[in-house]
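Student: Mapping of the sequence shown onto this note's numbering: residues 19 to 310, in sequence order.
One structure is given below, represented as structure tokens, and several questions about it will come after.
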Amino acid sequence: MRKRNWLAIGLAMLALTVLTLAGCGKKEENNTGVASSSPSQSSSASPSGASAGGTPTLDAIKSRGKLVVGVKFDTRLFGLKDPSSGNVEGFDIDIAKGLAKELLGDESKLELKEVTSKTRIPMLDNGDIDLIIATMTITEERKQQVDFSDVYFKAGQSLLVKKGSPIQSVADIKKGTKVIGVKGSTSVKNIAEKAPDATVLEFDNYQDAFTALKAGQGDVLTTDNAILYGMASQDSNYEVVGGTFTDEPYGIAAKKGNADLVAFVNGYLKKLHDSGEYDKLYEKWIGATPIQ
Ligand code: GLU
19 MRKRNWLAIG LAMLALTVLT LAGCGKKEEN NTGVASSSPS QSSSASPSGA SAGGTPTLDA
79 IKSRGKLVVG VKFDTRLFGL KDPSSGNVEG FDIDIAKGLA KELLGDESKL ELKEVTSKTR
139 IPMLDNGDID LIIATMTITE ERKQQVDFSD VYFKAGQSLL VKKGSPIQSV ADIKKGTKVI
199 GVKGSTSVKN IAEKAPDATV LEFDNYQDAF TALKAGQGDV LTTDNAILYG MASQDSNYEV
259 VGGTFTDEPY GIAAKKGNAD LVAFVNGYLK KLHDSGEYDK LYEKWIGATP IQ
């Protein structure tokens, strides 16, 4: 009798374990063979090799056999997910693939997780991702929270307006002007300094921000020129105006104190430049875009 009870408990526990394992960490394979997951689909567990809140060292990533990178899914030219194919594509994505290939011998040994400007540092802190490659500007404030690689892309903040808009530069942003931006970006902080009288409307991501501009919820959208050109290329009613009014040097971020990983990333970036591969990547993603 007693034995049977233990057996029943044992079987129930086994069933529970199987169900839990089947239910968590559900990933989508996209056509490039790179697994990607948005926050709703990703496992709450940290990638192995990174205990929650721990630091994913280079060795731990190697023995895990997979690099987990936080990228944008909403930013044309840098990290954009095609909802029909499931592919995530862009300049940042190609850098992530190159890093996976360099580190693990195969670019498919990469998992891409969606981050937004607001979630990227918390996700790195939690151990959800090993690296952030997501249009992220190196700033003194962020340097207190993460370690950055060398600069891998130089952008600058600019403005996107509907053609014919009276706003042609940051000086035209007056009291009552509604400026659209994204939470957690340098762009919303910078615009509050450059145009202190503006009303800033903050959205969760760049897709929502552009939709809001098109719906007339704001007069102007502000972020990095390269991101804005990606939007303008989608709709000829919109244009980038006013040149740039900040410097936004992009860096790849690792958890603080992860010196091996940062050194590896810097080595890879140097190789990318030395081999001429960087110029090819730039041409592939930015070449057709007339950046001022
Ligand atoms: N590069 C800026 C930043 O890091 C704006 C782009 C973004 O929101 O990622 O905040």
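From the three backbone atoms N, C-alpha and C, an ideal C-beta is built for every residue, glycine too.
Keep in mind that this is a model prediction, so the values were computed, not measured.
Are the beta-carbon atoms belonging to Ser187 and Gly275 less than 9 Å from one another?
Tutor: For the purposes of this step, residue 187 is taken as the residue at position 169 of the sequence shown. For the purposes of this step, residue 275 is taken as the residue at position 257 of the sequence shown. No, they are not a contact pair.
Student: For the ligand GLU, is there a heavy atom less than 8 Å away from the beta-carbon of Asp242?
Tutor: Reading the sequence shown from its first residue, position 224 is the one you call residue 242. Result yes, Cβ under 8 Å from the ligand GLU.
Student: Would you call Gly202 buried or exposed, if buried means 16 or more other Cβ atoms sit within 10 Å of its Cβ?
Tutor: Residue 202 sits at position 184 when you count from the first residue of the sequence shown. Answer is buried; the Cβ neighbour count reaches 16.
Student: Please classify Ala213 as buried or exposed, where buried requires at least 16 other C-beta atoms within 10 Å of its C-beta.
Tutor: Taking the sequence shown and counting its residues from 1, one reaches residue 213 at position 195. That one is buried.
Student: Exposed or buried, which one is Pro74 when buried takes at least 16 other CB atoms within 10 Å?
Tutor: Start at 1 with the first residue of the sequence shown, and residue 74 comes out as number 56. So Pro74 ends up on the buried side.
Student: Does Lys181 pass the burial test, meaning 16 or more other C-beta atoms within 10 Å, or should it be called exposed?
Tutor: The sequence position of residue 181 within the sequence shown is 163, counting from 1. Taking all protein chains shown into account, Lys181 has fewer than 16 neighbouring C-beta atoms within 10 Å of its C-beta and is therefore exposed.
Student: So, at 7 Å on beta carbons, what are the nonlocal neighbours of Ala244 in its own chain, with the 5 sequence-adjacent residues on each side left out?
Tutor: Within the sequence shown, residue 244 is the residue found at index 226, counting from 1. Hits under 7 Å: Leu95, Ala173, Ile304, Ile309.
Student: Over what stretch of residues does the alpha helix (DSSP H) that includes Ile198 continue unbroken?
Tutor: Walking along the sequence shown from the start, residue 198 turns up at place 180. First-last for Ile198: 196-200, but that is the beta strand (DSSP E), not the alpha helix (DSSP H).
Student: Below 7 Å CB to CB, which residues in the same chain sit around Thr204 once its five sequence neighbours on both sides are set aside?
Tutor: Within the sequence shown, residue 204 is the residue found at index 186, counting from 1. Within the same chain, Thr204 has close Cβ partners Thr155, Thr157, Glu266.
Student: Given a threshold of 16 other Cβ atoms within 10 Å of its Cβ, counted over all protein chains shown, does Tyr300 qualify as buried or as exposed?
Tutor: In the sequence shown, the residue the question calls residue 300 occupies position 282. So Tyr300 ends up on the exposed side.
Student: Tell me, please, which residues DSSP counts as bridged to Ala272.
Tutor: Here residue 272 corresponds to residue number 254 of the sequence shown, with the count starting at 1. Paired residue(s): Leu149, Asp165.
Student: Whose CA, out of Thr262, Val206, Glu129, Thr93, lies closest to the CA of Arg82?
Tutor: What you label residue 82 is simply residue 64 of the sequence shown in a count that begins at 1. Of the candidates Thr262, Val206, Glu129, Thr93, Glu129 places its Cα closest to the Cα of Arg82.
Student: Verify the contact flag: Ala114, CB atom, against every heavy atom of the ligand GLU, threshold strictly below 8 Å.
Tutor: In the sequence shown, counting from the first residue as 1, residue 114 sits at position 96. No, the ligand GLU has no heavy atom inside 8 Å of this Cβ.
Student: Could you work out which residue in Glu132, Ala114, Val133, Ser293 is closest to Glu125 when comparing CA atoms only?
Tutor: Translated into positions along the sequence shown, residue 125 becomes position 107. The shortest Cα separation from Glu125 among Glu132, Ala114, Val133, Ser293 belongs to Ala114.
Student: Using the Cβ count rule (16 or more neighbours within 10 Å means buried), how would you classify Glu132?
Tutor: Within the sequence shown, residue 132 is the residue found at index 114, counting from 1. Glu132 should be labelled buried.
Student: I'd like the span of the alpha helix (DSSP H) that includes Thr204, first residue to last.
Tutor: As a first step, residue 204 is located in the sequence shown; it is residue number 186 there, counting from the start. Element bounds for Thr204: 204-212.
Student: Starting from Ser176, follow the beta strand (DSSP E) in both directions and report where the run begins and ends.
Tutor: Position 158 of the sequence shown, counted from the start, is the residue given in the question as residue 176. Segment 175-180, the beta strand (DSSP E) holding Ser176.
Student: Helix, strand or coil: which one does DSSP assign to Ala189?
Tutor: On the sequence shown, residue 189 is found 171 positions in, with the first residue counted as 1. Here Ala189 sits in helix by DSSP.
Student: Excluding sequence positions up to five away, which residues of its chain have a Cβ less than 8 Å from the Cβ of Lys219?
Tutor: Within the sequence shown, numbered from 1, the residue matching residue 219 stands at position 201. For the record, residue 219 in the displayed sequence is Leu; it is not Lys. Here the set comprises Lys196, Val197, Ile198, Gly199, Ala230, Gln235, Gly236.
Student: Compute every distance between the C-beta of Met154 and the non-hydrogen atoms of the ligand GLU, then say whether any falls below 8 Å.
Tutor: As a working note, residue 154 is residue 136 in the sequence shown. Within the cutoff, so yes.
Student: Tell me whether Gln162 is buried or exposed, calling it buried when 16 or more other Cβ atoms sit within 10 Å of its Cβ.
Tutor: Counting from one through the sequence shown, the residue named residue 162 turns up at place 144. Exposed: under 16 other Cβ atoms inside 10 Å.
Student: Distance, Cα to Cα, Pro140 vs His291?
Tutor: On the sequence shown, position 122 is the one that residue 140 refers to. On the sequence shown, position 273 is the one that residue 291 refers to. The alpha-carbon atoms of Pro140 and His291 are separated by roughly 30 Å.
Student: Looking at the structure shown, is Tyr256 part of a helix, part of a strand, or coil, going by DSSP?
Tutor: On the sequence shown, residue 256 is found 238 positions in, with the first residue counted as 1. Note: Tyr256 maps to strand in three-state DSSP.
Student: Flag Ser102 as yes when its Cβ comes closer than 8 Å to any non-hydrogen atom of the ligand GLU, and as no otherwise.
Tutor: For the purposes of this step, residue 102 is taken as the residue at position 84 of the sequence shown. Every heavy atom of the ligand GLU is 8 Å or more from the Cβ of Ser102, so no.
Student: Could you pull out every residue in the same chain whose Cβ sits closer than 6 Å to the Cβ of Ala63, ignoring the five residues on either side in sequence?
Tutor: On the sequence shown, position 45 is the one that residue 63 refers to. Here Ala63 scores only 46 on pLDDT, less than 50, and its place in the model is too uncertain to base an answer on.
Student: Look at the Cβ atom of Asp168, then the Cβ atom of Lys288, and state whether they are nearer than 9 Å.
Tutor: One-based indexing of the sequence shown puts residue 168 at position 150. One-based indexing of the sequence shown puts residue 288 at position 270. In this structure, Lys288 lies closer than 9 Å to Asp168 by Cβ.
Student: Does the Cβ of Tyr170 lie closer than 8 Å to at least one heavy atom of the ligand GLU?
Tutor: In the sequence shown, the residue the question calls residue 170 occupies position 152. No - the ligand GLU has no heavy atom lying nearer than 8 Å to the Cβ of Tyr170.
Student: Output the boundary residues of the alpha helix (DSSP H) element that contains Phe96.
Tutor: Within the sequence shown, numbered from 1, the residue matching residue 96 stands at position 78. Here Phe96 belongs to no alpha helix (DSSP H), and DSSP marks it neither H nor E.
Student: For a test of your reading of the model: does the CB of Tyr247 fall under 8 Å from any non-hydrogen atom of the ligand GLU? Yes or no.
Tutor: Locating residue 247 in the sequence shown gives position 229, counting from the first residue. Not under cutoff, so the answer is no.
Student: Only counting the same chain, and skipping five residues up and downstream in sequence, which positions put a Cβ closer than 7 Å to that of Asn223?
Tutor: Indexing the sequence shown from 1 puts residue 223 at position 205. Here the set comprises Asp92, Thr134, Val200.
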